[in-house]
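Sequential numbering from 0 applies to the sequence shown in numbering that gives the first Met the number 0. Note that CB positions come from ideal geometry on N, CA and C, so glycine has one too. Read through the structure below, which is laid out as structure tokens, and then see the notes.
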Amino acid sequence: MRRFLLFLSVFALFATGKMSAYVVGAATCILPDKSQEEFIFNCEIVSSDLKRVRIANLYPTSGIKDQAGPNFEGCEIIFPSTAEGYTITSVGKRAFRDCKAKVTLPESITEIEDEAFLGYDYDGYDFALPSKVRYIGKQAFRAAQIKGISLPSSLQNIDNAAFQYSNLHELVLPKSTFVVGSGITRGCNNLQRLEVESGCTNYSTPAGSNVIMDTKQKVVVAGCPTSKIPAEAYRIGESAFEEIKFVNETVTIPESVGVIAEDAFYWAQFKRLIIKGETVEIGEFAFSISSMERIDIYGGNVTIGESGFEGCGHLLSLWCHSHKPTLTPYKMMSEEGFWEFTGPANRQFSFIGSNVLLYAKYPEEYTDKWDDGSLIWQGWFKEVLPLPDEEKTISEVHITDFDWPVAESDCDVAATSLTKGATVSEIQYKMFNKNYGTKASLNDSIDVCFFITLDEGYTFGDAPSLYVDDKKFDLRIKTPSMTDNTLGFIFHYRVPAPPGGVPIKSVSITVPEPVEGQPLSTEVTRPTGKLYLLQGWTYSMVTWGHGADASTDSYDPTKGYTLAALVTAKEDYCFAAD
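And the structure:
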């Protein structure tokens, strides 16, 4: 009778164009004392054929409330794949809001809808989604207290702010990911690992970056406290680093970046911002309310949207290392109909206080004045100064995290950290006059060459020094007239064996054919065409014997003999597993 009445109500709703009808399901709850109890939950019909439903809300029974309260704290909930004959295919909006139970969803689930796990408070390390989930909705895990989440290989779409303010420690997107919305990691300040599985068509994580980047458009769409903006990025997407507390005090925007979208670093926490690009467009509120104390702008064509740096109350100085950036004052229409500048002089930098200093390479360009002759900038810049000499002179170059060459490995062509003002143009290896960049062999003597270029506004001191992982090497200026381009050399580096030694993949043994009536030979000839040094193995013993008895008596073809060869790898070598 109930099914008949339900059918009539559903039919009436669909007939009037309203798709909202409910069925009831029963889930299993394992209580904190390990006893089990069933309870009901509502499912909303989401398809006109009445075959698919979404989990809508939960109703704990009195027994569950007595032991765990209305949020199921300490319980484990196991959901069925059907409710009254309907297949459960999605988790509805706020279905598990503030839930404190471990939730096991059925494999029939394909969608996690908006705010489905808003405030979900189960603190188990890993939360596993069913293997058929294709879509995660807006703010689906907002403020969820989960440390990790296993995303299935079926996942295709992650909507805006899906994990914002969550307690995630790591997030790995599967290679099936097709669309990633904006701000998915907003405020995720416990997130240490953020990456995309290799093989993904649309997204990737460049080496050492800890970001999610749209590979085709070169857009950084999400970051975390340990992120570094990759050199191949062109755009930093909307809310990519919003409310992120950076581990590094300095955030560097590389030369490749031409656009920083709105809210990209809104309320982000770090101390220094370096913008390297010559032409950069900064969107509205891109750095608003950020905690930076210093901004370095290197390009001469940097435009800033309204309120781009609004409310940066910790800002102490703005450094313009090139020509004057485009910092157009914001205007408004007065009652008299005349255009006037609002205070403090520039809406892009409003509400930053009155003690900000402007440092400029070309201070004469900052001469915009009011009608009375006073400087426009004077309202909020305390004074105009050239770059101090100590900021421009580099006496030491420190390259860190350099992968030193080891035998049988590809030569490294990147350094991950470098002294301010210096960039590595190229790393070359020279081995016995061979071509650059080949693999190094054990005990090869090679030269490593660094071409080092300074940024505009910097120069080397009289006798600069090069340190690679705190070891001092020769650094010399290429020519007296090219003080911004130097060569650093590591001469005659002896290539060591990798940990465990250089693997030997095959051993060939050649023994003279035995002749009837002649003594058995114990001589071994090494394989033709093999260099003994590179082969890396020696023969410790070769014996012939009848059975277990070693012998060098004359060979008798009527007897059975055993050839034993004990092969030993030389120092710095090892045998491969196969």
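(request) Might you give, ordered along the chain, the residues of its own chain that have their beta carbon closer than 7 Å to the beta carbon of Asn188, omitting 5 neighbours on each side? (result) Pro224, Ile243, Lys244
(request) Taking only the alpha-carbon atoms, compute the straight-line gap between Thr567 and Val506 and give it to the nearest angstrom. (result) 11 Å
(request) Note down the Cα distance separating Lys50 from Thr60, rounded to an integer number of angstroms. (result) 27 Å
(request) Identify every residue that forms a DSSP beta bridge with Arg101. (result) As written in the sequence, residue 101 is Lys, which differs from the Arg given in the question. Lys101 is bridged to Glu75.
(request) Have a look at Asn70, Cys42, Val423, Leu474 and flag the residue whose alpha-carbon is nearest the alpha-carbon of Ala462. (result) Leu474
(request) Give the DSSP-derived three-state secondary structure of Gly460 in the structure shown. (result) strand
(request) Sort Val250, Glu248, Ala285, Trp266 by Cα distance to Val258 and report the nearest one. (result) Ala285
(message) So the candidates are Gly123, Ile274, Gly68, Val171; which of them puts its Cα closest to the Cα of Ile157?
(response) Val171
(message) Does the contact criterion of 3 or more C-beta pairs under 8 Å hold for the segment 69-77 versus the segment 128-137?
(response) no
(message) Count Cβ pairs between the segment 203-212 and the segment 135-152 that sit closer than 8 Å; are there 3 or more?
(response) no
(request) Select from Leu193, Lys227, Gly236, Ser226 the residue whose C-alpha is nearest the C-alpha of Asp213. (result) Gly236
(message) Quick check on Ala67: does DSSP put it in helix, strand or coil?
(response) helix
(message) Can you look up Gly207 in the DSSP assignment and give me helix, strand or coil?
(response) coil
(request) Would you mind sorting Thr399 into buried or exposed? The rule is 16 or more other CB atoms within 10 Å of its CB. (result) exposed
(request) Provide the residue(s) that pair with Trp318 in DSSP beta bridges, ordered along the chain. (result) Asp295, Tyr358
(message) With distance defined between alpha-carbon atoms, name the residue in Ser107, Ala100, Ser255 nearest to Thr81.
(response) Ser107
(message) If you follow the beta strand (DSSP E) that Gly222 is in, where does it begin and where does it stop?
(response) Looking at the DSSP string, Gly222 is not in any beta strand (DSSP E), and its letter there is neither H nor E.
(message) For Ser290, report the span of its beta strand (DSSP E) as first-last.
(response) From DSSP, Ser290 is part of no beta strand (DSSP E); its letter is neither H nor E.
(request) Given a cut-off of 8 Å, decide if Glu248 and Lys275 are closer than it, judged by their beta-carbon atoms. (result) no
(request) Go through its chain and collect everything with a Cβ distance to Gly299's Cβ below 6 Å, but skip five positions before and after it. (result) Ser321, His322
(message) Strictly by DSSP, which residues pair up with Val258?
(response) Arg234, Glu280
(request) Give the single residue among Glu280, Leu465, Val405 whose Cα lies nearest to the Cα of His397. (result) Leu465
(request) Find the nearest neighbour of Tyr572 within the set Val90, Pro497, Val501, judged by alpha-carbon distance. (result) Val501
(message) Pull the bridge partners of Asp473 from the DSSP assignment, please.
(response) Phe488
(request) State the start and end residues of the unbroken beta strand (DSSP E) segment that holds Cys448. (result) 444-453
(message) Spatial neighbours of Lys117 within its chain, please: C-beta separation below 7 Å, excluding the five flanking residues on both sides.
(response) The question names Lys, but residue 117 is Leu in the sequence shown. Arg93, Arg96, Gln138, Arg141, Ala142.
(request) Since I believe Glu241 is in contact with Arg185 (beta carbons under 8 Å), could you give me their beta-carbon distance rounded to a whole number of angstroms? (result) 5 Å
(message) Just to confirm, is the Cβ distance from Val355 to Leu317 under 8 Å?
(response) yes
(request) Along the beta strand (DSSP E) that carries Arg271, what are the first and last residues, could you check? (result) 271-274
(request) Would you grab the beta carbon distance between Tyr605 and Gly147 for me? Rounded to a whole angstrom, and I think it's under 8 Å. (result) Outside the displayed span of the chain (0 to 577) sits residue 605, for which this structure offers no information.
(request) Return the bridge partner residues of Gln427 from the DSSP annotation. (result) Cys448
(request) Express the C-alpha separation of Cys98 and Asn166 in angstroms, rounding to a whole number. (result) 15 Å
(request) Under 8 Å Cβ to Cβ from Ala575, same chain only, skipping five residues before and after it: list those, please. (result) Pro502, Ile503, Lys504
(request) Pick helix, strand or coil for Lys578, following the three-state DSSP scheme. (result) Look at the range of the chain in this structure, 0 to 577, and you will see that residue 578 is not part of it.
(request) For the beta strand (DSSP E) holding Leu170, just list the boundary residues, first then last. (result) 169-172
(message) DSSP three-state label for Lys558, please.
(response) coil
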